[in-house]
Amino acid sequence: MRLATWNVNSVKARLPRLLDWLAATRPDVLCLQETKCPDGAFPVAEVGELGYSVASHSDGRWNGVAVLSRIGLTDVMVGFPGEPGFPEPEARAISATCAGLRVWSVYVPNGRSLDSPHYEYKLAWLAALREALRDQLRSGMPLAVCGDFNVAPTDADVWDPTLFIGSTHVTELERQALADLRALGLLDVIPRPMKGPHPFTYWDYRAGMFHQNKGMRIDLVYASSSFTDAVQSAYVDREARKGKGPSDHAPIVVDAELAVPVGPREA
DNA sequence: ATGCCGGATAATATCCGA
Numbered sequence: 141m142r143l144a145t146w147n148v149n150s151v152k153a154r155l156p157r158l159l160d161w162l163a164a165t166r167p168d169v170l171c172l173q174e175t176k177c178p179d180g181a182f183p184v185a186e187v188g189e190l191g192y193s194v195a196s197h198s199d200g201r202w203n204g205v206a207v208l209s210r211i212g213l214t215d216v217m218v219g220f221p222g223e224p225g226f227p228e229p230e231a232r233a234i235s236a237t238c239a240g241l242r243v244w245s246v247y248v249p250n251g252r253s254l255d256s257p258h259y260e261y262k263l264a265w266l267a268a269l270r271e272a273l274r275d276q277l278r279s280g281m282p283l284a285v286c287g288d289f290n291v292a293p294t295d296a297d298v299w300d301p302t303l304f305i306g307s308t309h310v311t312e313l314e315r316q317a318l319a320d321l322r323a324l325g326l327l328d329v330i331p332r333p334m335k336g337p338h339p340f341t342y343w344d345y346r347a348g349m350f351h352q353n354k355g356m357r358i359d360l361v362y363a364s365s366s367f368t369d370a371v372q373s374a375y376v377d378r379e380a381r382k383g384k385g386p387s388d389h390a391p392i393v394v395d396a397e398l399a400v401p402v403g404p405r406e407a
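One point on numbering: in our numbering, the residue at position 260 of the first sequence is 400, and numbering is uninterrupted.
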């Protein structure tokens with residue numbers, strides 16, 4: 141099974157690149173974040189032509205998550221029980237079962253700044269996610285939680301840790317929230333970088349950050365051991381960050397020897 | 001060369017992102 145996750149920074153703006161990438165990479169399942177897609181406006185027909193079914197959760201202007209699958213898509217859950225909001229829950233989580241794998245696509249709140257109510261919201265959201273995932277793990281089904289976590293797990297996951305002192309994404313509390321997810325039994329599937337030592341997944345559009353490889357690893361795949369035991373390889377597709385009109389995030393692609401049941405799979 | 005911000009909308013300015 142090929143599983144991928146990508147913060148596309150608007151599915152509308154990224155549609156030509158998304159379709160090209162799907163056709164070339166052929167993931168069985170793709171998690172999307174920041175679709176920024178009004179309700180009902182997801183390009184279902186376009187990805188359907190490539191064999192993908194869609195489960196999407198929309199907010200309108202901001203946020204937005206989706207799961208695309210060509211190996212089955214059942215038991216879709218929009219959001220999760222106890223999900224905090226600001227003040228109402230936003231479109232930040234969707235999950236579905238794809239050929240025996242429970243897949244979550246998450247877009248964790250940014251946090252903005254340490255003195256912002258959004259930072260408290262981010263921590264509360266991650267804590268509530270942990271409780272929801274604790275329940276998911278009880279089912280025993282292999283689980284992969286994919287998405288933009290907006291937290292760099294270690295100092296090695298940002299290009300210059302000294303520049304982040306006093307900023308979100310690197311604080312002890314945010315990193316502890318990730319550690320609390322791992323304490324449930326989830327493992328960080330660290331992808332191989334295509335270039336250089338750092339598997340960064342995000343580079344700011346500004347000031348040539350990508351070209352200087354000044355990036356961050358904030359997109360993550362946290363998975364149960366029943367999934368990670370089957371993982372053969374994982375990589376960051378930095379090619380997708382190049383050229384005209386890219387997202388500021390690159391996709392992560394994970395290949396696992398997880399049996400795909402015969403049935404709904406299409407050619 | 002990968003090549004120096006871009007997406008959204010209540011739009012010709014402002015919010016958001018990390």
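Note that beta-carbon positions come from the ideal geometry of N, C-alpha and C, so glycine has one too. Every value quoted in this text rests on a predicted model; they were computed, and no experiment measured them.
Would Ile392 and Pro301 qualify as a contact pair, given that the criterion is a beta-carbon distance under 9 Å?
Contact flag unset, no.
Best match in Ala396, Asp359, Ser256, Trp146 for proximity to Ser307 [C-alpha to C-alpha]
The residue with the shortest Cα to Cα distance from Ser307 is Ser256.
Going by the DSSP bridge assignment, what does His389 pair with across the sheet?
DSSP, once it has assigned bridges, lists Tyr342 as partnering His389.
When you compare each of Pro227, Ala363, Arg201 to Phe182 by their alpha carbons, which one comes out closest?
Scanning Pro227, Ala363, Arg201 for the CA closest to the CA of Phe182 turns up Arg201.
Within the same chain, show all residues whose beta-carbon is closer than 8 Å to that of Glu271, passing over the 5 residues directly before and after it, in chain order.
Excluding positions up to five away in sequence, the list reads Gly222.
Taking the alpha carbon of Ala233 as the reference point, which residue from Leu266, Ser364, Gly251, Ser209 has its own alpha carbon closest?
Nearest to Ala233 by C-alpha distance, out of Leu266, Ser364, Gly251, Ser209, is Leu266.
Just the C-alpha distance for Val361 and Pro293, rounded to the nearest angstrom, thanks.
Rounded to the nearest angstrom, the gap between the Cα atoms of Val361 and Pro293 is 12 Å.
Trp161 in three-state terms, based on DSSP:
Note: Trp161 maps to helix in three-state DSSP.
Would you mind sorting Arg242 into buried or exposed? The rule is 16 or more other CB atoms within 10 Å of its CB.
Buried.
Output the distance between the C-alpha atoms of Phe289 and Asp199, rounded to the nearest integer angstrom.
If I take the Cα positions, the gap works out to 18 Å.
Is Phe304 near the ligand GDP, judged by its Cβ being under 8 Å from some heavy atom?
Judged by which ligands are present, the structure shown has none, so any question about the ligand GDP falls away.
How is Val361 classed by DSSP in three states: helix, strand or coil?
If DSSP states are grouped into helix, strand and coil, Val361 belongs with the strands.
With H, G and I counted as helix, E and B as strand and the rest as coil, what does DSSP make of Gln173?
Strand.
Which residues DSSP lists as bridging Ala233, in chain order:
DSSP output for Ala233 lists Val246 as bridge partner(s).
Need the endpoints of the beta strand (DSSP E) that His197 sits in, please.
Element bounds for His197: 193-197.
Reduced DSSP category for Arg142 - H, G, I as helix; E, B as strand; rest coil
Arg142 sits in a strand when the DSSP states are folded into three classes.
Please report the straight-line C-alpha distance between Glu406 and Ile305, rounded to a whole angstrom.
Residue confidence for Glu406 is low, a pLDDT of 48 falling below 50, so the modelled location carries little weight; the figure read from the coordinates is stated next. Answer to the nearest angstrom: the Cα atoms are 49 Å apart.
Could you tell me the alpha carbon to alpha carbon distance between Gly385 and Ser150, rounded to whole angstroms?
Each residue's alpha carbon lies about 11 Å from the other.
With 16 as the cutoff for other CB atoms within 10 Å, does Gln173 come out buried or exposed?
With at least 16 other beta carbons inside 10 angstroms of its own, Gln173 counts as buried.
Asp288 - DSSP class collapsed to helix/strand/coil:
Looking at Asp288 - three-state DSSP - the assignment turns out to be strand.
Which residues in the same chain as Gln99 place their Cβ atom closer than 8 Å to its Cβ, once the five residues preceding and following it in sequence are excluded?
Nothing in the structure corresponds to residue 99, since the chain is present only between 141 and 407.
Among the candidates Asp168, Trp161, Ala163, Lys152, whose CA atom is the shortest distance from the CA of Arg142?
Measuring from the Cα of Arg142, the nearest candidate turns out to be Asp168.
So which of Gln316, Met334, Leu283 has the shortest CA-CA distance to Thr368?
Of all alpha-carbon atoms in Gln316, Met334, Leu283, the one lying nearest the alpha-carbon of Thr368 is that of Leu283.
Buried or exposed by the 16-neighbour rule on C-beta atoms within 10 Å, applied to His351
So His351 ends up on the exposed side.
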